[in-house]
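Report on the following structure.
Numbering (my numbering), first residue to last: 1141 to 1471.
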């Protein structure tokens, strides 16, 4: 993992390339990014955005994995895939040239296998794993593998105008900047000179913190009958339950909801919603029936991926959700 590797130094060329972000999160954080190898699964629209930002951030290596072929939708929604001559090609392979051109200092590779077929040992070569376009069972399985091997795990997806991201960093240590204001002597006057002295004497220190993240399976299987969970339910966005409906739909149909099958898909989504909320013992009102229409559209995911890989500020919320009227909000 990153903490066990020798971070090394940054060359003058790299210092010039990453000058802006070094000023933002510091040299040590950039060194950790430079030593990190990331696996990104699913090269659709969200995957392309995550790949772009990680490559520009300056990770050591990025492996783009996808076993699917380029579809007409991909050529209009995935900017790393050329609009001509890409039909029928593997999505990851079609994305490689443009991805590598973003930053020649990053080692960008392609894997055309299905992530479901990979053994546990495959994932141990990475410091972080980010999944998109995967089923619930695959997400749970790989999250458990990552947790066992102290690998940072991220997943996210977009469905129409709805989206989510999840992070499991295990027992995660990071640092926060804290501003320390010196105490004023009781006898000192509180004039302009004193205020100026206070400002000049202000110190910024780095404080180490630790937070424990929960597994993906645990985040989805909350017991809503407990008093603590009932209290939390009032603060929980409906998108949390919508995510479970959409993941169940993907498992049952082998695809996501589509506008050209709106009638069939909307009926199934409503049925899944009713069955799911009943099994959880949750009032159906938490997910109104009009949720179907917006289902039929990733910068935050990359921001948190970069921050945690660099061991800088990362909050304790594991699940974030987005819909057509609300920006990203922690669950």
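Glycine residues also receive a C-beta, built at the ideal position from the N, C-alpha and C atoms.
- Terminal residues of the beta strand (DSSP E) in which residue 1262 lies: Within the chain shown, numbered from 1, the residue matching residue 1262 stands at position 122. No beta strand (DSSP E) contains residue 1262, which is instead part of the alpha helix (DSSP H) from 1260-1263.
- 3-residue-minimum beta strand (DSSP E) runs that sit fully inside the segment 1220-1259, ordered along the chain: 1247-1251
- Contact belief for residue 1262 with residue 1308 at Cβ below 8 Å, rounded distance in angstroms: Here residue 1262 refers to the residue found at position 122 of the chain shown. Here residue 1308 refers to the residue found at position 168 of the chain shown. So it is not a contact: roughly 18 Å between Cβ atoms.
- residue 1259 to residue 1250, Cα distance in whole Å? In the chain shown, counting from the first residue as 1, residue 1259 sits at position 119. In the chain shown, counting from the first residue as 1, residue 1250 sits at position 110. Those two C-alpha atoms are separated by around 17 Å.
- When DSSP labels each residue in this structure, what does residue 1187 get in the three-state scheme? The residue labelled residue 1187 in the question sits at position 47 within the chain shown. It is helical.
- In the structure shown, what three-state DSSP assignment does residue 1444 receive? What you label residue 1444 is simply residue 304 of the chain shown in a count that begins at 1. With a pLDDT of 49 at residue 1444, under the threshold of 50, the modelled position of that residue is not reliable, and no figure is offered here.
- Between which two residues does the beta strand (DSSP E) harbouring residue 1343 extend? On the chain shown, position 203 is the one that residue 1343 refers to. It spans 1343-1352 - the beta strand (DSSP E) in which residue 1343 sits, taken as one unbroken run.
- Message: If distances are taken between C-alpha atoms only, which option among 1179, 1252, 1213, 1406 comes closest to residue 1270?
- Response: In the chain shown, counting from the first residue as 1, residue 1270 sits at position 130. Residue 1179 is the option with its Cα nearest to residue 1270.
- Task: Return the bridge partner residues of residue 1302 from the DSSP annotation.
- Result: If you number the chain shown from 1, residue 1302 lands on position 162. Beta-bridge pairing by DSSP links residue 1302 to 1299.
- Message: Could you tell me the alpha carbon to alpha carbon distance between residue 1350 and residue 1315, rounded to whole angstroms?
- Response: Here the question's residue 1350 lines up with position 210 in the chain shown. Here the question's residue 1315 lines up with position 175 in the chain shown. The alpha-carbon atoms of residue 1350 and residue 1315 are separated by roughly 9 Å.
- Is it true that the segment 1152-1163 meets the segment 1184-1198, where meeting means three or more beta-carbon pairs spaced less than 8 Å apart? yes
- Nearest to residue 1361 (by Cα), restricted to the options 1300, 1254, 1190, 1416: Locating residue 1361 in the chain shown gives position 221, counting from the first residue. Here the closest residue by C-alpha is 1416.
- Is the segment 1219-1226 close to the segment 1293-1303, with three or more CB pairs under 8 Å? no
- Quick one: what's got a C-beta closer than 6 Å to residue 1422's C-beta in the same chain, skipping five residues either side? Within the chain shown, the letter at position 282 stands for residue 1422. So the qualifying residues of the chain are 1364.
- Message: Please state the DSSP three-state secondary structure of residue 1421.
- Response: Sequence index remark: in the chain shown, residue 1421 carries index 281 (1-based). Note: residue 1421 maps to coil in three-state DSSP.
- Query: On the three-state DSSP scale, how would you describe residue 1437?
  - Reply: The residue labelled residue 1437 in the question sits at position 297 within the chain shown. Note that residue 1437 scores a pLDDT of 42, beneath 50, so its modelled location is shaky and nothing firm can be said.
- Message: As a quick exercise: from 1205, 1173, 1279, pick the residue whose alpha carbon is nearest that of residue 1187.
- Response: To locate residue 1187, count along the chain shown from 1; it is residue 47. Cα-wise, what sits closest to residue 1187 is 1205.
- Item | Burial state of residue 1347 (16 or more Cβ within 10 Å) | Numbered from its first residue, the chain shown carries residue 1347 at position 207. Its Cβ having fewer than 16 others within 10 Å, residue 1347 is exposed.
- Message: Which of the three DSSP states is assigned to residue 1401 in this structure?
- Response: Stepping through the chain shown from its first residue, residue 1401 is reached at position 261. In this structure, residue 1401 counts as helix in the three-state DSSP scheme.
- Query: Using a Cβ-Cβ cut-off of 8 Å (strictly less than) and excluding sequence neighbours within five positions of residue 1212, which residues of its own chain qualify?
  - Reply: Here residue 1212 refers to the residue found at position 72 of the chain shown. Here the set comprises 1227.
- Query: Quick one: any contact between the segment 1404-1419 and the segment 1381-1394, if contact means 3 or more CB pairs under 8 Å?
  - Reply: Short answer: they touch.
- Which of helix, strand or coil does DSSP assign to residue 1217? The residue labelled residue 1217 in the question sits at position 77 within the chain shown. Of the three classes helix, strand and coil, the one that applies to residue 1217 here is helix, per DSSP.
- Query: Would residue 1283 pass as a contact of residue 1397 if the rule is Cβ separation under 7 Å?
  - Reply: For this step, residue 1283 is matched to residue 143 along the chain shown. For this step, residue 1397 is matched to residue 257 along the chain shown. No, these two residues do not count as a Cβ contact at 7 Å.
- Query: Under 7 Å, do residue 1268 and residue 1292 count as touching if we go by C-beta distance?
  - Reply: Residue 1268 sits at position 128 when you count from the first residue of the chain shown. Residue 1292 sits at position 152 when you count from the first residue of the chain shown. Taking 7 Å as the Cβ cut-off, residue 1268 and residue 1292 qualify as a contacting pair.
- Message: Quick check on residue 1234: buried or exposed, where buried means 16 or more other Cβ atoms within 10 Å of its Cβ?
- Response: Walking along the chain shown from the start, residue 1234 turns up at place 94. When all chains shown are included, residue 1234 counts as buried.
- Task: Count the other C-beta atoms from every protein chain shown that fall within 10 angstroms of the C-beta of residue 1439, then say buried if there are 16 or more, exposed otherwise.
- Result: What you label residue 1439 is simply residue 299 of the chain shown in a count that begins at 1. Interpretation of residue 1439 is limited by its pLDDT of 41, a score under 50 that renders its predicted location unreliable; the figure taken from the coordinates is listed afterwards. The residue in question, residue 1439, is exposed, as its Cβ has fewer than 16 Cβ neighbours within 10 Å.
- Query: Cα separation between residue 1265 and residue 1312?
  - Reply: On the chain shown, position 125 is the one that residue 1265 refers to. On the chain shown, position 172 is the one that residue 1312 refers to. Rounded to whole angstroms, residue 1265 to residue 1312 spans 19 Å at the Cα level.
- Message: Taking its Cβ as the centre, do 16 or more other Cβ atoms sit within 10 Å of residue 1392, making it buried, or is it exposed?
- Response: For the purposes of this step, residue 1392 is taken as the residue at position 252 of the chain shown. Around the beta carbon of residue 1392, a 10 Å sphere encloses fewer than 16 other beta carbons of the protein chains shown; the residue is thus reported as exposed.
- Item | Collapsed DSSP secondary structure at residue 1316 in the structure displayed | As a first step, residue 1316 must be located in the chain shown, where it is residue number 176. Strand.
- Over the uninterrupted beta strand (DSSP E) stretch that includes residue 1177, give me the two end residues. Locating residue 1177 in the chain shown gives position 37, counting from the first residue. Run containing residue 1177: 1177-1181, per the beta strand (DSSP E) assignment.
- Just to confirm, are residue 1272 and residue 1207 a CB contact at a threshold of 7 Å? Translated into positions along the chain shown, residue 1272 becomes position 132. Translated into positions along the chain shown, residue 1207 becomes position 67. No; because the gap between Cβ atoms is not below 7 Å, this pair is not in contact.
- Task: Check whether the Cβ atoms of residue 1255 and residue 1181 lie closer than 7 Å to each other.
- Result: Against the chain shown, residue 1255 aligns to sequence position 115. Against the chain shown, residue 1181 aligns to sequence position 41. Result yes, Cβ atoms of residue 1255 and residue 1181 sit closer than 7 Å.
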